[in-house]
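Trainee: Quick note: to get the numbering used here, add 24 to the position in the sequence shown (first position is 1). Submitted below is the structure of interest, expressed as C-alpha cells.
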Amino acid sequence: TSTDTDGLNDILIDYPSSTLSGATSSTDSKNAATTPLNWSDPVCLKETSSSSSSKPQMMKLENIVKVNRDTNDFKQKYQEFKAVGKGHSGVVVAGIRLSDSIPVAIKHIPIDKVQYMWVKRDGCYCKEISEVVLMAQAAGLCNGSWENRGVIGLLDVYELEDEVLIIMERPLKAMDLNDFYKMSEGQIPEYEAKTIFQQLVTAALLTHRNGIFHRDLKPDNILVSLVQGNISIRMIDFGCATFRSNQEKQYTELVGAYDFAPPEYYLQGQYSAEPTTVWQIGAMLCSLYGEENFHTMRFINERKPPCDHLSYECKDFLNQCLNIDPRQRPRLSQLVKHPWLTTPTVPHVLLYPYDHHGCSIKESTAALG
C-alpha cells in the first residue's frame, strides 16, 4: 500500500534560504528557535481555559514548548507596532525582537479562546496549548518528524493572566497570497505560481506526514516572501488544526473557511483530511486564475473552466485537485510529482527592486534574445 511519503526523498524541492536568522541553529536548516522535548500519544481532550473537569492526574513537568509567564520579560524582549492580520482565534501584531531587531509576528489569543490538550510524555500527562503543539509538530521540531520549512517558525510562547502570546518569525518582504495577487494586479505569471505551489504542496505533504491536518488552507494563511528574486512560502495559523488519526477519519463539523470547504462537506455532511487539503490547494490556485472570490458551492454550480492561457499541465493540475469526487483526487504524494510541478520553472530577472511600486518581471530568455 502507498503512503504519504512514497518517493518523498526523491521529490522534495530545495527551499530558498531563510530570510530570518533568529533560530538557535547556526544554519538555515531549522526554522524555529524553540525546540520541544519529545512527546507521544497526544490525548485529544481539547478544552477551553475555563473548563477544568475530568482532568487527568498531572505531575509538574516542564512543558513540551517552554512557556514564559512573565509579562515584564515580554516587554523587555519585544516591541510591538501595528496589527497586521487576524487569525482564527486572535489578532496578529508586527513587532521586533529588541536584542537584534529581528522582525517578529506576535499573535494575541484571549485566554477564554485558548484551546488546550493533554499530551502524554514519559507516562505522565502535560497540559499544552493546542495551537503551539500542532504548529511545532507540523514544522518537524520533534524527534521522528520531518523538518518542514514551509511552516512558520515558532520563537517564543507567553501564557499571561488574560491572554496567550505566540511569537513567530516574520519573513522579510512577506505578504499573504491574497495581497501578493493584488500586488501583481491579478496577473501572477504561471512560473511564479508554479514556484509557490511546488513549495505549498511539499509543505502540505510534510505537514500530513507529521500527523497534522491544517483544515484551513486558504490564501490568507499562506505567506509569500520575495527577496532578491527568490520566492518562499510559509503556512500560518494553526488555530483550526488537529492531529490526524492513523485511519482516515471522517469529520462532520466544519472548522475553517466555508469558501474553501470541500464539496463533500456540502453534499454529504462529512470530509476527510487528505482530500480536503488537496481540494483547498486547487481552490487557492483557482482563485488566482479562475475565480478571485472562490466559493466551493459556486464552483460546483457553475463549473467554470480555468483560464485559456494556462498551460495544459496547469489545467490538468487544477482539474485533478478540484474533482468533485474526493475519491478521485490525487494523494499528496502523487500531487507533488505532477508534471506541472516537476517541469523546470522559467528563470526570470527583476527589472526593478521588489519594493518599487512598478516592479515587473520578464523572462530571462526574452532578455537574452
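The beta-carbon is built from N, C-alpha and C at its ideal position, and this holds for glycine as well. A quick note: this is a predicted structure, and the numbers were derived from the prediction, not measured.
(1) Given a cut-off of 8 Å, decide if M308 and L241 are closer than it, judged by their beta-carbon atoms.
(2) From C331, Q304 and S357, pick the residue whose C-alpha is nearest to that of I348; which is it?
(3) On the premise that M192 lies in contact with T231, defined as a C-beta separation below 8 Å, what is that separation, rounded to the nearest angstrom?
(4) Under a three-way DSSP split, which group does I126 fall into?
(5) Where do the ends of the beta strand (DSSP E) carrying R145 lie?
(6) By alpha-carbon positions, which one of C310, C331 and H333 ends up nearest to R322?
(7) Just verifying my parser: in three-state terms, what is the DSSP assignment at Q103?
(8) Tell me the start and end of each unbroken alpha helix (DSSP H) in the stretch 153-216 that is at least 4 residues and wholly inside, in chain order.
(9) Checking 8 Å against the spacing of the C-beta atoms, do K101 and S125 come in under that value?
(10) When you compare each of P287, P350 and E187 to N325 by their alpha carbons, which one comes out closest?
(11) Nearest by alpha-carbon distance to Y313: which of Y289, N343 and A265 is it?
(12) Is it buried or exposed, Y295, if we count other Cβ atoms within 10 angstroms and call 16 or more buried?
(13) Taking the alpha carbon of A265 as the reference point, which residue from G253, V248, Y289 and T301 has its own alpha carbon closest?
(14) So, D332 versus W364, is the Cβ gap smaller than 8 Å?
(15) Given this structure, state the Cα-to-Cα distance separating N317 from I133, to the nearest angstrom.
(16) Could you say if the stretch 130-144 and the stretch 178-191 meet the contact criterion of at least three C-beta pairs nearer than 8 Å?
(17) Once the 5 residues before and after S269 are set aside, which same chain residues still bring their CB inside 6 Å of it?
(18) Between G407 and A198, what straight-line distance do the alpha-carbon atoms span, to the nearest angstrom?
(19) Does the beta-carbon of A391 have 16 or more other beta-carbons within 10 angstroms, so that it is buried, or is it exposed?
(20) When we look at the beta-carbon of N254 and count the other beta-carbons within 10 Å, is it buried (16 or more) or exposed?
(21) Quick one: what's got a C-beta closer than 6 Å to F284's C-beta in the same chain, skipping five residues either side?
(22) At which residues does the beta strand (DSSP E) containing G263 begin and terminate?
(23) Please report the distance separating the alpha-carbon of Y336 from that of A227.
(24) Return helix, strand or coil for P286, following the three-state DSSP convention.
(25) Under 8 Å between C-beta atoms, does T95 make it to chain C?
(26) Write down the C-beta distance between D261 and G111 rounded to the nearest angstrom, noting that I regard them as a contact closer than 8 Å.
(27) Can the beta-carbon of C345 be found less than 8 Å from the beta-carbon of R351?
(28) Could you have a look at I133 and say whether DSSP puts it in helix, strand or coil?
(29) Would you list the one or two residues that DSSP bridges to A118?
(30) Between which residues of its own chain and E214 is the CB-CB distance below 7 Å, once the five residues before and five after are set aside?
(31) Hey, how far is the Cα of Q211 from the Cα of S154?
(32) Please list, in chain order, all residues of the same chain as Q103 whose beta carbon is under 8 Å from its beta carbon, the five residues on each side excluded.
(33) Mapping DSSP to helix, strand and coil, what is L247?
(34) What is the DSSP secondary structure of G306, counted as helix, strand or coil?
(35) To which residues does DSSP link K110 through a beta bridge?
Mentor: Inspection of the coordinates gives the following:
(1) Cβ distance < 8 Å, so L241 and M308 count as in contact.
(2) In terms of CA proximity to I348, Q304 leads the group C331, Q304 and S357.
(3) Between M192 and T231 the Cβ distance is about 16 Å, and since that is not below 8 Å, they are no contact.
(4) Shown here, I126 sits in a strand according to DSSP, grouped into three states.
(5) Its beta strand (DSSP E) spans residues Q139 to R145.
(6) Comparing alpha carbon positions, the residue from C310, C331 and H333 closest to R322 is C310.
(7) Residue state for Q103 is assigned as strand, using DSSP reduced to three classes.
(8) Listed in chain order, the complete alpha helix (DSSP H) runs (minimum 4 residues) inside the stretch 153-216 are 154-163 and 201-207.
(9) Note that the C-beta distance between K101 and S125 is not below 8 Å.
(10) Per the Cα distances, P287.
(11) Y313 has its Cα closest to that of N343, out of Y289, N343 and A265.
(12) Result: buried.
(13) For A265, the nearest C-alpha among the options comes from T301.
(14) Contact: no.
(15) Those two C-alpha atoms are separated by around 28 Å.
(16) The stretch 130-144 vs the stretch 178-191: in contact.
(17) If we look at S269 and ignore the five residues flanking it on each side, it has no Cβ neighbours.
(18) In the structure as shown, the chain begins at 25 and stops at 393. Residue 407 is therefore absent and cannot be evaluated.
(19) Bear in mind that a pLDDT of 29 at A391, under 50, signals an unreliable position, so the number given afterwards is only what the model happens to contain. By the 10 Å Cβ count, A391 comes out exposed.
(20) Burial state of N254 is exposed, judged by a 10 Å Cβ sphere holding fewer than 16 other Cβ atoms.
(21) In chain order, K242, Q304 and A307 place their CB closer than 6 Å to the CB of F284, counting only its own chain and leaving out the 5 sequence neighbours on each side.
(22) No beta strand (DSSP E) contains G263, which DSSP labels as neither H nor E.
(23) Y336 and A227 have their C-alpha atoms roughly 24 Å apart.
(24) In this structure, P286 counts as coil in the three-state DSSP scheme.
(25) Here chain C cannot be found, since the structure has a single protein chain.
(26) Between G111 and D261 the Cβ distance is about 4 Å, and since that is below 8 Å, they are a contact.
(27) Going by C-beta atoms, C345 is not nearer than 8 Å to R351.
(28) Here I133 carries a strand assignment [DSSP, helix/strand/coil].
(29) Paired residue(s): A129.
(30) Taking E214 as the centre and dropping the five residues before and after it, the same chain places the C-beta of L334, S335 and C338 closer than 7 Å to its C-beta, in chain order.
(31) Cα-Cα distance, rounded: 38 Å.
(32) If we look at Q103 and ignore the five residues flanking it on each side, its Cβ neighbours are G119, I120 and L122.
(33) Looking at L247 - three-state DSSP - the assignment turns out to be strand.
(34) G306: helix per DSSP, three-state reduction.
(35) K110 pairs with V115.
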